[in-house]
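Undergrad: 6 is the number of the first residue of the sequence shown in this note's numbering; add one for each residue after it.
Below you will find the structure I want to go over with you.
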Amino acid sequence: MKYIKRFLSAVLVLGLFTQIPSQSSAQEEIRTIEIHAHRFSFSPSEITLKKGETVKLRLISDDVTHALFIPGLQIKQAVSKGHPAEITVTPGSAGDFRGECANFCGSGHGSMLFTAHVKD
Ligand SMILES: [Cu+2]
């Protein structure tokens, strides 16, 4: 009985130490790209992704509510000041995917363009 208890607690302790580091390192592997939206542009206005690579896009508004709309990548995400938004994307094909602001934000709204280049 004594040995069984020792064995079980050893398994528990080992489990704790082996699980926690592997979980956090898996999260760190996802590349995060920060994109600021402000009247009247995105910065950066172009990003380069790799086909099949999962990346996290972190959207931040510096002023009013904007929305990043990239139809070819099934992305449509609004973002307002003080509330960053995160999108995870895994491009399935290579090419240049055009995007734009999808939330009317003033006179220069139409010039808020974006391009995601996806390499093979
Ligand atoms: Cu906008």
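From the three backbone atoms N, C-alpha and C, an ideal C-beta is built for every residue, glycine too.
Please read these numbers as outputs of a predicted model, since none were measured by experiment.
When you compare each of Ser98, Ile40, Pro96 and Arg36 to cysteine 106 by their alpha carbons, which one comes out closest?
TA: That would be Ile40, whose Cα lies nearest to the Cα of cysteine 106.
Undergrad: Pull up the distance between the alpha-carbon of glutamine 82 and that of histidine 88, whole angstroms please.
TA: One C-alpha to the other measures close to 12 Å.
Undergrad: Run the Cβ filter for me: residues under 5 Å from any heavy atom of ligand 1, listed in the order they occur in the chain.
TA: Every residue passing the under-5 Å Cβ criterion appears here: His71, Cys106, Cys110 and Met117.
Undergrad: Drop a sphere of 10 angstroms on the beta-carbon of phenylalanine 109, count the other beta-carbons inside from all chains shown, and report buried for 16 or more, exposed for fewer.
TA: It counts as exposed.
Undergrad: Going by DSSP in three states, aspartate 125 sits in which element: helix, strand or coil?
TA: If DSSP states are grouped into helix, strand and coil, aspartate 125 belongs with coil.
Undergrad: Confirm, please, whether the CB-CB distance from alanine 121 to leucine 78 is below 8 Å.
TA: Yes, these two residues count as a Cβ contact at 8 Å.
Undergrad: Using a Cβ-Cβ cutoff of less than 7 Å, which residues in the same chain neighbour threonine 53 once the five nearest sequence positions on both sides are dropped?
TA: So the list reads His122 and Lys124, once near-sequence residues are dropped.
Undergrad: Going by the C-beta, is phenylalanine 119 closer than 7 Å to any heavy atom of ligand 2?
TA: What this structure holds is ligand 1, not ligand 2.
Undergrad: So, is isoleucine 35 buried or exposed, given that buried needs 16 or more other C-beta atoms within 10 angstroms?
TA: Burial call: exposed.
Undergrad: I need the DSSP call for glycine 77, collapsed to helix, strand or coil.
TA: Helix at glycine 77.
Undergrad: Buried or exposed, going by whether 16 or more other CB atoms sit within 10 Å of the CB of glycine 104?
TA: It counts as buried.
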